[in-house]
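Numbering (the numbering used here), first residue to last: 618 to 721. Virtual Cβ for every residue (Gly too), placed ideally from N, Cα, C. Predicted model, so just to flag it, every value in this text is computed and none were measured.
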């Protein structure tokens, strides 16, 4: 599974516009092949910062997502509303049981 964490620091006065644009993007993205989850959240400590959390079945699915014209358009439109370029990190992750006791 691929986990993506992104963030965007939105210029003052553009927060609602950026949030609406982001919600449209995540709702559309959820319907793409290989998308497990896709969400946007407002940072509780910094309300002008949006945080994106995504899960994709595999790297090919994420790369296909980046090739969707609407995804590229979203990235450009969001960047225009930000103080600095949005960030994005992707991780190849597996599932673990955090309550499993280590073997002795």
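Cβ neighbours of residue i in the same chain (closer than 8 Å, five flanking residues each side left out)
i, result
"residue 682", "646, 649, 651, 652, 673 and 688"
"residue 654", "647, 670, 671 and 672"
Residues of its chain near residue i, where Cβ-Cβ distance is below 6 Å and the 5 sequence neighbours each way are ignored
i, result
"residue 705", "623"
"residue 700", "626 and 628"
Alpha-carbon spacing of residue i relative to residue j, whole angstroms
i, j, result
"residue 656", "residue 678", "16 Å"
"residue 618", "residue 676", "8 Å"
"residue 714", "residue 697", "41 Å"
"residue 635", "residue 710", "29 Å"
"residue 665", "residue 621", "20 Å"
"residue 703", "residue 630", "17 Å"
"residue 691", "residue 639", "8 Å"
"residue 712", "residue 633", "34 Å"
"residue 641", "residue 721", "49 Å"
Residue i burial status per 10 Å Cβ neighbour count (16 or more: buried)
i, result
"residue 658", "exposed"
Helix, strand or coil at residue i [DSSP, three-state]
i, result
"residue 707", "strand"
"residue 701", "coil"
Beta carbon proximity, residue i to chain B, threshold 8 Å
i, result
"residue 650", "The structure shown contains no chain B; it holds only a single protein chain."
Identify every run of the alpha helix (DSSP H) within the segment 626–683, keeping only runs that are complete inside it and at least 4 residues long; order them along the chain. 632–646
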